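Residue numbers (this note's numbering), protein chains in the order written: chain A, 44 to 364; chain B, 13 to 265.
All C-beta atoms in this analysis are idealised placements derived from N, C-alpha and C, irrespective of residue type, glycine included.
Remember, it's a predicted structure, so these values are computed and weren't measured experimentally.
The block underneath contains the structure these notes are about, expressed in structure tokens.
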Ligand SMILES: Nc1ncnc2c1ncn2[C@@H]1O[C@H](COP(=O)(O)OP(=O)(O)OP(=O)(O)O)[C@@H](O)[C@H]1O
Ligand SMILES: [Mg+2]
């Protein structure tokens, strides 16, 4: 193996180049705004990334496996709103959460069916499901938010253990489990094989349809779970939570994190950094009183840069035949 | 013929839309034999392999494995249970995964039933490569970094590792240099000694006459004749490939 230059290492490990971006923003923000480097603000940044991240975990698995889900923002809304509605109708909160989660998984199954059996490309299929879901969520409550929610349910996300918000702990847990599944199980390898070369996966006897189904269900499940967590955090079921901006943020976090849209490549570590980066940019811009329009300009540029880097990485990794 | 065929294709037909890929293909492959399949480009050789493995469903005809009919609509997932392993012409390797993973995917070693055993994966992969005298720098090299010939050898090693009684090879030497071709020939000879049945597609008649016991010629989607290599000549095989010699009467296999 030849010695690799710093540039090459940065290219092949996208999360490392991202960490540099994070450090740069942190440094700039802490110089301009003294409030930035406080413990409470740093926790706030982490907490802000939690919902992106939980959804992004399932979506990252799906994208590594060669799929794509644009409906996650609406599934997020559905999970939170349906669970809240069921609670407000008197159902015990764990049961309500479980049903909300189940409904989300059904969305994943629907996505998979439309893609697999009706041969609709994933982007279109999940975009269609996204719009349908937006309507459905409005129907659930007649367009109203659901309040109040049971105290025990709110304690789930609003509590702290040893000073750390539960949301961060839960997201950490989801991250570890997802990392484990992707890196340490045969299922994870099968996902990479599926996304890396679908023909080969099929030819080598992998159950491609079952893998697809599992991935779409997982992407929807984490979206629904994040929606439930969000309802618990804010103490209400919100009709306008999630939606298209959530979908876009999640996909951005996944792609910035170095998961390749072409499938096969990507790590959960990268998605962690990608999610934190989104939240960090939000926070830093507010504290340094930069006009909010700059936010989208910066995020857009980073996204395009990250995907260009992904292309470079593939060139670096594969020689042309 | 002394024994029953391991694999028997009878009048197998296949069209892709309006393109007729196979008009009528019949092949009998016997245990412990190397059975070559030759024919010009587009004759239907790869299609035949993909029908045997279940990647394509035939339109008609029958396929029997050890006398048992194979269902026309089956998934490739059951291939190993049928005792078949295969190297496709288009290779079917995953470029972003390393050599060890490519050699083991589909049959990954596990710990406690659910954990991936990476150590065993590397060990198995290295053992297979050592056993076949294949030298690679490191089994954790992504396959995307290998040359065409190296990929070919990895794909063959993958199939050999599965250790199935029937091995299908679609142009295993197409991308290989002289030395590597001889190497694949040795591997085939050895598998044959172990009593395995090998169906090998090739354009290389030298290779066919050196390593195969029997050769079937496909022409325009039809099996036009099968010969024992020790009883035929290159001229006859070439004649069948080009159509200069007329095909055998049906049923002559
Ligand atoms: N998936 C497919 N869709 C449509 N046509 C196909 C498909 N696969 C094969 N064909 C057609 O079937 C015919 C036989 O193709 P096949 O690949 O079996 O030939 P071959 O004998 O393997 O040729 P080669 O020596 O070039 O590998 C060709 O005319 C080809 O265009
Ligand atoms: Mg071919």
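Item	Value
Under a three-way DSSP split, which group does residue 280 of chain A fall into?	strand
Please say whether residue 211 of chain B and residue 180 of chain B have beta carbons closer to each other than 8 Å?	yes
Could you pull out every residue in the same chain whose Cβ sits closer than 7 Å to the Cβ of residue 26 of chain B, ignoring the five residues on either side in sequence?	33, 34, 59, 63, 68, 70, 71
From the DSSP output, in three-state form, read off residue 223 of chain B for me.	helix
Would you mind telling me which residues of chain A sit closer than 9 Å to residue 118 of chain B, beta carbon to beta carbon, in chain order?	233, 236, 244, 247, 248, 249
Going by CA-CA distance only, name the one from A/204, A/306, A/312 that's closest to residue 258 of chain A.	A/306
Let's test the definition: count the other Cβ atoms within 10 Å of the Cβ of residue 273 of chain A and tell me whether it reaches 16, buried, or not, exposed.	buried
Helix or strand or just coil, what does DSSP make of residue 256 of chain B?	coil
Is the beta carbon of residue 63 of chain A closer than 8 Å to that of residue 117 of chain A?	no
State yes or no: is the C-beta of residue 156 of chain B within less than 8 Å of the C-beta of residue 192 of chain B?	no
For residue 159 of chain B, which of B/189, B/234, B/125 has the nearest alpha-carbon?	B/189
Report all residues from its chain with a CB closer than 7 Å to the CB of residue 347 of chain A; omit the five preceding and five following residues, and keep chain order.	none
Count Cβ pairs between the region 111-119 of chain B and the region 162-180 of chain B that sit closer than 8 Å; are there 3 or more?	yes
At 4 residues or longer, and completely inside the region 199-270 of chain A: list those alpha helix (DSSP H) runs for me, N to C.	209-227, 229-239, 241-246
Along the chain, where does the alpha helix (DSSP H) containing residue 83 of chain A start, and where does it finish?	82-107
Note down, in chain order, every chain A residue with its Cβ under 8 Å from the Cβ of residue 92 of chain B.	248
Check whether the region 87-106 of chain A touches the region 341-356 of chain A, taking contact to mean three or more Cβ pairs, one atom from each stretch, closer than 8 Å.	no
Could one say the Cβ of residue 107 of chain B lies closer than 8 Å to chain A's Cβ atoms, at least one of them?	yes
Report the CB separation of residue 96 of chain A from residue 214 of chain A in whole angstroms; it is logged as a contact under 8 Å.	5 Å
Flag this pair as yes or no: are the beta carbons of residue 278 of chain A and residue 192 of chain A separated by less than 8 Å?	yes
Output, in sequence order along the chain, the residues in the region 69-94 of chain B whose CB is closer than 9 Å to any CB in chain A.	87, 88, 89, 90, 91, 92
For residue 208 of chain B, count neighbouring C-beta atoms within 10 Å of its own C-beta (all shown protein chains included) and say buried if the count is 16 or more, exposed if not.	buried
With a threshold of 8 Å between beta-carbons, can residue 113 of chain B be considered close to chain A, or not?	yes
Which runs of the beta strand (DSSP E) at least 3 residues long sit entirely within the region 184-225 of chain B? Give them in chain order.	209-213
Count the other CB atoms, across all protein chains shown, that sit within 10 Å of the CB of residue 124 of chain B; report buried if there are 16 or more and exposed otherwise.	exposed
When you compare the CB positions of residue 151 of chain A and residue 264 of chain A, do they come within less than 8 Å of one another, or not?	yes
Using a C-beta cutoff of 8 Å, does residue 312 of chain A count as contacting chain B?	no
Quick one: grab the DSSP three-state call for residue 80 of chain B.	strand
With C-beta atoms as the reference, is residue 219 of chain B less than 8 Å away from residue 228 of chain A?	no
By DSSP's criteria, residue 48 of chain B is part of a beta bridge. Which residues make up the other side?	B/212, B/227
Kindly list the residues whose CB is nearer than 6 Å to the CB of residue 369 of chain A, restricted to its own chain and excluding five residues on each side of it in sequence; keep chain order.	Outside the modelled stretch of chain A, which goes from 44 to 364, sits residue 369 of chain A, for which no answer is possible.
To the nearest whole angstrom, what separates the beta carbons of residue 236 of chain A and residue 249 of chain A, a pair I think is in contact under 8 Å?	6 Å
Please look up how many angstroms separate the CB atoms of residue 314 of chain A and residue 103 of chain A, rounded, as I've assumed it's under 8 Å.	5 Å
Under three-state DSSP, which class holds residue 116 of chain A?	helix
Could you list which residues in chain A have their beta carbon closer than 7 Å to that of residue 126 of chain B, in chain order?	228
For residue 93 of chain B, which option in B/73, B/66, B/104, B/100 has the closest C-alpha, if you only look at C-alpha atoms?	B/66
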